[in-house]
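To start, the structure under review is shown below, and the notes come after it.
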Amino acid sequence: MKVMLDTGANRTFISITALHPLNSKQFVNKSYKRVILADGYTSLSILGTWELSIFMGDMLTSIEAFVVKELCADCILGMDFNNKYKLIINTEEQMVSICNNHHRTTLTFDVSKGNINYPTRLINNIRIPPKRTVSVPVSVGLSSAKVLFRPSYKLQQRSSILMLNSSLTVQRHTSSILVHNPTNYSYSLPKGIILGTTTIPTLSFKRNETIDQQLVNKNIISLSQHIGDYEQQKKIKIILNQHAKLFDTSKPTVATGVKPHAIKTLDHPPPTSKPYYTTPNKQEENDQYRQDYPSFEIPTSYYNVVHVNKYTSIEEMHMLINHVQECTQFTIDTESEKSNGQLALIQLQTIPSRLPSLVILIELAHLPSNDSHVCVKIKEFFELIFRSNNELYSWGDMIKELDPIKNSALFKWPTLASLLDIQPHFPGWYEWALTHSESCCPKHHLDDANNVNIMSQNYLSSIFYCPRQSPYRPNELWSLQNALIYAAHIFIDKSSTVNNWAGGLTTNNSTLSSFRRKKMIKYAIYDVLSTTYLIRPISEYWTFQKLKNTNIIDLFTSFKSSPLPSLPTNKSSKNKSIKKNINPQKLFKLLDDDLELISDDDEIYLNQLIAPVTNQKHIYEEISNDEQELNITVPVNNVDLIVNEANEIIIDNNEQTEPDENIEQHHILSHQRRSIESRQKKIENETTHVEFKQMLKQNDVQYINVKVVNGLLRIGVKNEKIKQNYQQKISENMFDRQNYQTYRHHRHHRKRQQQH
Numbered sequence: 001m002k003v004m005l006d007t008g009a010n011r012t013f014i015s016i017t018a019l020h021p022l023n024s025k026q027f028v029n030k031s032y033k034r035v036i037l038a039d040g041y042t043s044l045s046i047l048g049t050w051e052l053s054i055f056m057g058d059m060l061t062s063i064e065a066f067v068v069k070e071l072c073a074d075c076i077l078g079m080d081f082n083n084k085y086k087l088i089i090n091t092e093e094q095m096v097s098i099c100n101n102h103h104r105t106t107l108t109f110d111v112s113k114g115n116i117n118y119p120t121r122l123i124n125n126i127r128i129p130p131k132r133t134v135s136v137p138v139s140v141g142l143s144s145a146k147v148l149f150r151p152s153y154k155l156q157q158r159s160s161i162l163m164l165n166s167s168l169t170v171q172r173h174t175s176s177i178l179v180h181n182p183t184n185y186s187y188s189l190p191k192g193i194i195l196g197t198t199t200i201p202t203l204s205f206k207r208n209e210t211i212d213q214q215l216v217n218k219n220i221i222s223l224s225q226h227i228g229d230y231e232q233q234k235k236i237k238i239i240l241n242q243h244a245k246l247f248d249t250s251k252p253t254v255a256t257g258v259k260p261h262a263i264k265t266l267d268h269p270p271p272t273s274k275p276y277y278t279t280p281n282k283q284e285e286n287d288q289y290r291q292d293y294p295s296f297e298i299p300t301s302y303y304n305v306v307h308v309n310k311y312t313s314i315e316e317m318h319m320l321i322n323h324v325q326e327c328t329q330f331t332i333d334t335e336s337e338k339s340n341g342q343l344a345l346i347q348l349q350t351i352p353s354r355l356p357s358l359v360i361l362i363e364l365a366h367l368p369s370n371d372s373h374v375c376v377k378i379k380e381f382f383e384l385i386f387r388s389n390n391e392l393y394s395w396g397d398m399i400k401e402l403d404p405i406k407n408s409a410l411f412k413w414p415t416l417a418s419l420l421d422i423q424p425h426f427p428g429w430y431e432w433a434l435t436h437s438e439s440c441c442p443k444h445h446l447d448d449a450n451n452v453n454i455m456s457q458n459y460l461s462s463i464f465y466c467p468r469q470s471p472y473r474p475n476e477l478w479s480l481q482n483a484l485i486y487a488a489h490i491f492i493d494k495s496s497t498v499n500n501w502a503g504g505l506t507t508n509n510s511t512l513s514s515f516r517r518k519k520m521i522k523y524a525i526y527d528v529l530s531t532t533y534l535i536r537p538i539s540e541y542w543t544f545q546k547l548k549n550t551n552i553i554d555l556f557t558s559f560k561s562s563p564l565p566s567l568p569t570n571k572s573s574k575n576k577s578i579k580k581n582i583n584p585q586k587l588f589k590l591l592d593d594d595l596e597l598i599s600d601d602d603e604i605y606l607n608q609l610i611a612p613v614t615n616q617k618h619i620y621e622e623i624s625n626d627e628q629e630l631n632i633t634v635p636v637n638n639v640d641l642i643v644n645e646a647n648e649i650i651i652d653n654n655e656q657t658e659p660d661e662n663i664e665q666h667h668i669l670s671h672q673r674r675s676i677e678s679r680q681k682k683i684e685n686e687t688t689h690v691e692f693k694q695m696l697k698q699n700d701v702q703y704i705n706v707k708v709v710n711g712l713l714r715i716g717v718k719n720e721k722i723k724q725n726y727q728q729k730i731s732e733n734m735f736d737r738q739n740y741q742t743y744r745h746h747r748h749h750r751k752r753q754q755q756h
């Protein structure tokens, strides 16, 4: 139900059509009286009263209302309601808050949707002479208002009369419209015919701004000077002056069109424009990330925000210049205006030797004139930023992003500073960090028999945590949001990416609401802070554990720069190296005759790195169960998990050279290995296979069948959805030496407990 707040009405009214059909004729108090509206002329017939219960947000309110036949809205809440619930109307933020029993709730205005159109009817029969324009009286369903009139398209199509869009003043439900008959014969219009519709202009609750009247007069004179007739020129000026704000070009006006102005070019967007509007899927993904991960927050004492625009003072520019003179490392980013794709904002963060740093927001659409003293200082500021030996880090190619303003007078191009894009280096670092992750180690030590009881059926999944595999293809560029989530498990809100960045970010130059400005400013700040957070881990090849344990101050203060690692040349060489590293001699030889062939769509590929066994039936001497459990330890190497383009999980044998053993240790180990091989029982083949399946079951991997093909262990699962789920669950460490020994140790203790 649409409700109108009317501070000029003493009582609350509701339309009979807004009531439930069962209750529309059952009034608490039927009374047929009339009330006079504020114009002192128009009256409304009261059909009765009704006790209303209205939910305002999460608050239940009640008020007695007059029931009337027709209203411009479903319900009008008057001052009786406003006083009862202590309404506070915030026109700047377009919000209203109500209070009930010390509980206050806030609602937003609906000022831009559902314009109400009123038919404009002819009051009398009229006859228009040929080649004449006449003013005809019309009736409108409003008592008094200034409205916009739009002629009926159908009427003008089937008749010869002409009417123009115009602004009408309605008094006592009546107004007048000019109708022109261009023909050589008279034309008649009947009483009651609809000539068009009137609409109440959309309300604007923005703060009143001063108008440069001198500039307005200059622009209006320029527009009307071509009109030869002085009287017509005078009338035109009067009409244009009624809309003076439109001709005040001293302040930018951002027009939001129905259709986006930027061309969506799919995989090849303009280098400086970010035209992609948030899709429902992106919104859901962003909201899900917000729930799943803690927000990335930096203490505000670690940085100060400075806006650079035409309102920036000389003192602020001197402070900026003095600060950047002491810095050689910076982070840079840009934002583009969504309506036209033009570069509108440059964000710079200094990386000083001591905090706080400065986050500088340069509003390109609001810079001072070139001849001003502040503009001279801004150019000096840019000269210091882009001077030789400086390093400017970014998440994206700054050469392309700054290209639209390279010919401006702000700075010299090409820049002498080094522009370092860390985005293409992230995939290589992330893959490296995965293989050197320390977080995949067990959280519990199993050497103590007392710890055995803490293990559950799913003990592997409960005590191991491994960073997730990359959701991207090899060397594909990551989004900054995903980079932080996967590398550091922290979230940054990207919902403000596409925005009216030319609308101004400070109170004295903005056409945006305060709430929206604050959200955009926070986004702009954290875009550069997030990039700074990742510079050292990527350039210095930190492990995830080191990133987690490093003091945040070390990430935001100056450091000894390291050259960024070289980027891979092509993917084919990487794939070849993966194939070479696979050692088929370290695979299970699974000989189950019952295994059926499985579809390629339902396969998960794993390198099986347990020592080979044969199908030969050897007879060896009997040994005890305990001795077998403790001695038969199958060596399993460390492995890397790789996701290829076919959504296959491949565990690569990443053998590392063990340190040289001394001669005595070498003989002891060699003797032990020979002893194990000579004393193996014939059932080892079956036991190893069972152990492998049990490890999968203990990780809740519901496989259909298992088979070795071309050096890869294929685990068949039911469908694609399950396969994708197991890609997250099955880590590269599941079958390494440490996990395998942990499994054998646990199983050994469990058997001993069962025997006792």
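First residue of the sequence shown: 1, per the UniProt record's numbering; consecutive thereafter. All residues carry an ideal CB built from backbone N, CA and C; glycine is no exception. Note that the coordinates shown come from a computational prediction; the quantities given were computed from them, not determined experimentally.
In this structure, S496 is the residue among I535, S496, Q233 with its C-alpha nearest to the C-alpha of R516. Shown here, F426 sits in a helix according to DSSP, grouped into three states. Under the Cβ criterion (8 Å, minimum of three pairs), the region 323 to 333 counts as touching the region 350 to 370. In the assembly as shown, W429 is a buried residue. Its beta-carbon has 16 or more other beta-carbons within 10 Å. Following the DSSP letters along the chain, one finds I553 inside the alpha helix (DSSP H) bounded by residues 552 to 556. Excluding residues up to 5 positions away in sequence, K377 lie with their Cβ nearer than 8 Å to the Cβ of H318 in the same chain. Only residues of its own chain outside the window of five on either side were considered, and among them W50, V67 have a CB closer than 8 Å to the CB of L19, listed in chain order. For V359, the closest of D403, M695, F556, P137 by C-alpha to C-alpha distance is F556.
Less than 7 Å separates the beta-carbon of T12 from that of D80. When only Cα atoms are considered, Y393 and T249 end up about 37 Å apart. Within the DSSP secondary-structure output, H307 pairs in a beta bridge with L361.
E337 and N500 have their C-alpha atoms roughly 5 Å apart. For I177, the beta-bridge partners assigned by DSSP are V136. As summarised for the region 72 to 148, the continuous alpha helix (DSSP H) elements at least 4 residues long and confined to that stretch are 79 to 84, given in chain order. With fewer than 16 other Cβ atoms from the protein chains shown falling within 10 Å of its own Cβ, P201 counts as exposed.
With respect to H243, N309 sits apart: the two C-beta atoms are not nearer than 7 Å.
The three-state secondary structure of P474, taken from DSSP, is coil. Looking at the backbone, the Cα of S186 and that of V136 are separated by about 15 Å.
With 16 or more other Cβ atoms from the protein chains shown falling within 10 Å of its own Cβ, D421 counts as buried.
Within the model, the alpha-carbon separation for E64 versus T507 is close to 41 Å. Of the candidates N482, L189, H173, T174, L189 places its Cα closest to the Cα of H180. Per DSSP, Y393 lies in no alpha helix (DSSP H); the unbroken beta strand (DSSP E) holding it starts and ends at 391 to 394.
Nearest to L195 by alpha-carbon distance, out of N117, I14, N100, is N117. Per DSSP, Y187 is one residue of the beta strand (DSSP E) stretching across 187 to 189. Take T312, set aside five residues on each side of it, and the residues of its chain with a beta-carbon closer than 7 Å to its own are V374, in chain order. For P368 and T17, the gap between their C-alpha atoms comes out near 56 Å. Beta-bridge annotation (DSSP): G196 is paired with T120, P151. Counted as a single uninterrupted DSSP element, the stretch harbouring S369 is not any alpha helix (DSSP H), since DSSP gives it neither H nor E. The DSSP-derived three-state label of I535 is helix. According to the DSSP assignment, E335 belongs to the beta strand (DSSP E) that extends over 329 to 336. Annotation for P129: N181, S186 place their beta carbon closer than 8 Å to its own, counting only its chain and skipping 5 residues before and after. For F544, the enclosing alpha helix (DSSP H) stretches over residues 544 to 549. DSSP, reduced to helix, strand and coil, places V717 outside both helices and strands of the structure shown, so it counts as coil. For S53 and L60, the gap between their C-alpha atoms comes out near 7 Å. Around the Cβ of K723, a 10 Å sphere holds 16 or more other Cβ atoms; the residue is buried. Around the CB of M1, fewer than 16 other CB atoms lie within 10 Å, so the residue is classed as exposed.
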